[in-house]
Amino acid sequence: MSGAEVLAQQLVNGLTLGSVIALVAIGYTMVYGIIGLINFAHGDLYMLGAFAALSLIGVSGLAPGDGAAATWGTLAWVLVLVMAFTGGLNVLIERWAYRPLRRAQPLAPLITAIGVSFILQNLGMLWGALPLEVMGTNAVAPKSFPDLIPRVDLLSRMGLATGVRVTTKDLFVMGLTVPLMLGLHLFVTRTRLGTAMRATSQNREAARMVGIPADRVIAVTFLIGGALAGAGALVRGLFFNTIVFNMGYGAGLQAFTAAVVGGIGSIPGAMLGGLLIGLISALSDHLISARWTPAVLFLILIAVLVFRPRGLLGDPTGQKA
Amino acid sequence: MLELSGVEAGYGSVRVLKGVSLRVGPGEAVALIGANGAGKTTTLRVVHGLLEPSAGQVRFRGSTLAGVPTEARVALGMGHVPEGRQVFSRLTVRENLRLGAYTRRDAAGVREDLERVLEVFPRLRERLRQKGGTLSGGEQQMLAMGRALMGRPSLLLLDEPSMGLAPLVVEQIFRVIAEIHRAGTAVLLVEQNAYLALELCSRAYVLTTGSVVAEGAARDLLVREEIRAAYLGG
Ligand SMILES: Nc1ncnc2c1ncn2[C@@H]1O[C@H](COP(=O)(O)OP(=O)(O)OP(=O)(O)O)[C@@H](O)[C@H]1O
Ligand SMILES: [Mg+2]
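Top to bottom, those sequences are chains A and B.
Every position in the first sequence, counted from 1, becomes a number in the numbering used here once 595 is added.
Every position in the second sequence, counted from 1, becomes a number in the numbering used here once 15 is added.
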C-alpha cells in the first residue's frame with residue numbers, strides 16, 4: 596500500500612466514523628442552542644441506544660448470514676424503535692431533570708446533567724446484567740454486537756484495483772446518516788416548527804410573545820437530538836461490533852468536540868465538525884496511535900475554546916444559533 | 016377588555032409592582048407613563064403572561080388569565096411589541112412576520128395580513144429576504160410591529176415604540192399606531208415621550224415605583240402641574 600493509499604483509506608474511515616459522530620454532535624449542539632445547556636448525559640443516552648439496539652436484535656433472532664430481505668426488514672424496525680426509545684427517554688430526562696431548573700442559575704442544570712450521566716451509565720450496567728443471550732455473562736464486560744452487514748469491497752468489485760477499500764459497510768453508514776442529516780436540515784430551515792425552533796433558540800422570550808409554546812419546542816428538540824443519537828448508536832454497533840456501558844464517555848467527548856469545532860449551537864457546524872473530528876481521529880489512530888487520540892481531541896477542544904470559541908460556523912456575535 | 020386589579024409582581028425577592036390596577040376598554044387607547052424603572056415593562060410582561068403575578072388578577076375579555084400561558088393569550092388576541100424590539104435577528108424578515116401568525120391556522124387570512132403589513136410598511140417588503148438583525152433601528156421597530164399585527168390582535172401592547180428613533184420615523188410609527196387604533200384595535204401604550212402618548216390616547220395612567228399615582232383623561236393629565244413637572248419635562 597502506498598502512502599497516498601493509506602491516506603485515502605484513512606479519509607474513507609474518517610468520513611464514515613465522522614458521519615456517526617456528527618449525528619451525536621447534533622444532539623449536543625441543538626440542546627445548547629435552545630437552552631444553553633451542555634448536556635453531559637448525551638453520550639450516555641447514545642450508549643443506552645446501543646444497548647437497546649443490541650437487545651432488540653437479540654430478541655428478533657436476527658443473525659449474520661440471514662437473507663438480505665430479513666436483515667434489512669428487521670434492521671429498519673430496530674432503527675425506528677431505537678430512535679423512539681432514545682428520543683422518548685431524552686424527552687423524559689428534559690421533563691424531569693432540566694425543565695424544573697429552567698429559571699435556576701446555569702450551574703444547576705449543568706451539575707444535574709452530570710448526575711443524569713451517572714444514572715444512565717448505571718442503567719447501562721444493570722442492562723448488561725439482563726438475562727439475554729446477547730448480553731453474555733459478565734454485566735460490565737464489552738458486548739459483541741452481531742456483524743450483520745456484509746463487508747464487500749465495492750471498488751474491487753467495480754474492477755478498480757486500488758489498495759483502498761470502500762465497503763458496503765461504509766456505504767450503509769453513509770446511506771443512513773446522510774439522509775437523516777439532510778432531513779433534519781430541511782425540517783429546521785423549511786417547516787413552521789423548525790422555524791419556531793430557530794426562533795426559540797435565538798430569543799426565547801420573543802418566541803413566547805409571538806405565541807410559540809417554548810416548552811413544547813424544547814421538548815421536540817430533545818426528541819430529535821435523542822432520536823439521532825439512537826440512530827448513531829445502532830450504526831456504530833453494526834460498524835464496530837462491540838459496545839460497552841461506559842462507551843458514552845469517549846463518544847461524548849468526540850461528539851462534543853465536534854460540536855465545539857463546528858461552532859456550538861450551529862447544526863451545519865455540528866455536521867462539519869463531526870466529519871472533521873472523524874478524519875482527525877482516523878489520522879491520529881493511524882499516524883500516532885489510537886491510545887493518543889483522546890489526548891489529540893482534548894488538545895483540539897482546548898485550542899478551539901482558546902483561539903476561536905465560536906468555532907467554524909458559530910455565530911460571530913457570540914449568540915446561540 | 017383588559018382589567019388589572021391589585022397586581023403585584025417582581026423578580027426574585029425584588030418587588031416591582033405593588034398593587035397595580037388599570038383598565039383598557041374595547042377599542043380604547045390607553046397610555047401608561049412613568050419614570051425609568053417604574054415598572055411599565057413589568058406590567059406589560061404580566062399582562063402577556065411572561066411573568067406570573069404574585070398577587071392580584073388580570074382579566075381579559077371577561078375571563079381571568081391566571082395560569083394561562085403566553086401562547087394562549089396570543090391566540091386570545093393579545094399582540095406585544097416589546098421594549099427593544101426583540102426581532103429574531105438571524106431569521107429573515109419574512110420568517111419573522113410569518114412567526115407572528117404562529118397561533119393562527121387560517122392560511123388565506125395570514126397571506127392577506129402579510130400583504131397588508133407590507134402595504135403599511137413598504138420598507139419591509141424591500142427587505143423580505145434580509146435577516147432581521149441587519150435592519151436599521153426604525154426598520155426593526157416596523158418589523159416588531161408587523162410581527163405583532165400578524166397575530167390579528169384585538170389588544171396591542173406597545174412598549175416604547177419611539178425609543179432611539181429619528182423624529183421622522185417616530186412620526187411614521189405613531190401614524191400607523193393611530194391607524195391601527197382607528198381600525199378598532201385596543202392599545203396599551205408605554206411611552207417615555209408622554210406628549211406623544213397623550214396625544215394618541217384618550218386615557219392614561221401614571222406609574223411611580225410600582226404604583227399607579229394618577230389616572231384620568233389624557234388632556235386633564237396634560238395640564239396637571241405635578242405631572243407636567245415629573246413626566247413631561249415641565
Ligand atoms: N429581569 C429582571 N430581574 C431583576 N430585576 C428586574 C428585571 N427586570 C426589571 N427589573 C427591575 O424592575 C424594575 C422595573 O423595571 P421595568 O423594566 O418594568 O421598568 P420600566 O418602567 O419599564 O422602565 P424603563 O422606562 O427604563 O423601561 C427596575 O427597578 C428593574 O431594575
Ligand atoms: Mg421599560
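All C-beta atoms, glycine included, are put in the ideal place defined by N, C-alpha and C.
When every heavy atom of ligand 2 is checked, does at least one fall within less than 7 Å of the C-beta of residue i?
i	result
Lys55(B)	yes
Glu175(B)	yes
Glu98(B)	yes
In angstroms, rounded to a whole number, what distance separates the CA positions of residue i and residue j?
i	j	result
Gly94(B)	Leu788(A)	20 Å
Leu5(B)	Ala663(A)	Here chain B has residues from 16 to 249 only, and residue 5(B) is not among them.
Gly913(A)	Ala791(A)	Caution applies to Gly913(A), whose pLDDT of 49 falls short of 50 and renders its modelled position unreliable; the value that the coordinates give is listed next. Computed Cα separation, rounded: 20 Å.
Ala692(A)	Tyr117(B)	29 Å
Gly249(B)	Thr57(B)	The predicted model places Gly249(B) with a pLDDT of 42, which falls under 50 and marks its position as unreliable; any figure quoted below should be read in that light. When rounded, the distance between both Cα atoms is 26 Å.
Asp121(B)	Glu130(B)	14 Å
Leu908(A)	Leu775(A)	20 Å
Pro68(B)	Leu80(B)	11 Å
Arg257(B)	Thr149(B)	Residue 257(B) falls outside the range modelled here, since chain B spans only 16 to 249, and no answer is possible.
Ile744(A)	Gly847(A)	25 Å
Glu43(B)	Ala198(B)	11 Å
Val35(B)	Leu65(B)	17 Å
Arg793(A)	Glu600(A)	42 Å
Phe893(A)	Arg690(A)	31 Å
Lys915(A)	Glu230(B)	Unreliable placement is indicated for Lys915(A), whose pLDDT of 44 sits below 50; no coordinate value is reported for it.
Gly719(A)	Thr837(A)	14 Å
Thr611(A)	Val619(A)	13 Å
Leu19(B)	Leu32(B)	12 Å
Leu204(B)	Asp174(B)	6 Å
Ala70(B)	Gly49(B)	22 Å
Gly161(B)	Arg140(B)	11 Å
Pro97(B)	Pro176(B)	8 Å
Asp742(A)	Leu657(A)	10 Å
Ile819(A)	Ile706(A)	23 Å
Asn208(B)	Pro904(A)	42 Å
Val615(A)	Leu749(A)	21 Å
Phe713(A)	Thr224(B)	48 Å
Closer than 7 Å to a non-hydrogen atom of ligand 1 - does that hold for the CB of residue i?
i	result
Gly52(B)	yes
Gly71(B)	no
Gln207(B)	yes
Glu186(B)	no
Val29(B)	yes
Tyr220(B)	no
Tyr627(A)	no
Gly631(A)	no
Gly847(A)	no
Glu49(B)	One detail in the question is off: residue 49(B) reads as Gly in this sequence, not Glu. At least one heavy atom of ligand 1 is nearer than 7 Å to the Cβ of Gly49(B), so yes.
Tyr26(B)	yes
### Query
Of all the residues that make up the region 607-627 of chain A, which are near chain B by a beta-carbon distance shorter than 7 Å?
Correct list: empty, as no residue qualifies.
### Query
Which residues, taken in chain order from the region 114-130 of chain B, show a beta carbon closer than 7 Å to some beta carbon of chain A?
So the list reads Leu114, Gly115, Tyr117 and Thr118, given in the order they occur along the chain.
### Query
Between the region 685-707 of chain A and chain B, which residues of the former have CB atoms less than 8 Å from a CB of the latter, in chain order?
none
### Query
Between the region 643-656 of chain A and the region 723-736 of chain A, are three or more C-beta pairs nearer than 8 Å?
yes
### Task
Give, in chain order, every residue of the region 790-811 of chain A whose Cβ lies closer than 7 Å to some Cβ of chain B.
Thr790, Ala791, Arg793, Ala794, Gln797, Asn798, Glu800, Ala801, Arg803, Met804, Val805, Gly806, Ile807 and Pro808
### Query
Within the chosen definition, does the region 605-617 of chain A reach the region 792-802 of chain A through at least 3 CB pairs nearer than 8 Å?
no
### Query
Are there three or more Cβ pairs, one per stretch, closer than 8 Å when the region 150-167 of chain B is compared with the region 99-113 of chain B?
yes
### Task
For the region 615-634 of chain A and the region 878-885 of chain A, state whether three or more C-beta atom pairs, one from each stretch, are separated by less than 8 Å.
no
### Segment contact, 8 Å Cβ cut-off, at least three pairs: the region 861-874 of chain A with the region 669-688 of chain A
no
### Stretch pair the region 803-811 of chain A + the region 822-831 of chain A: three plus CB contacts closer than 8 Å
no
### Message
Any contact between the region 850-863 of chain A and the region 755-775 of chain A? By contact I mean 3 or more CB pairs, one from each, below 8 Å.
### Response
no
#### Entry: chain A contacts from the region 54-68 of chain B (Cβ-Cβ distance under 7 Å)
His63 and Leu65
### Query
In the region 152-167 of chain B, which residues sit with their C-beta less than 7 Å from some C-beta in chain A, listed in chain order?
Arg162 and Gly166
### Query
Looking at chain A, which residues of the region 99-110 of chain B have a Cβ within less than 8 Å of any of its Cβ atoms?
Gln101, Val102, Phe103, Ser104, Arg105, Leu106 and Glu110
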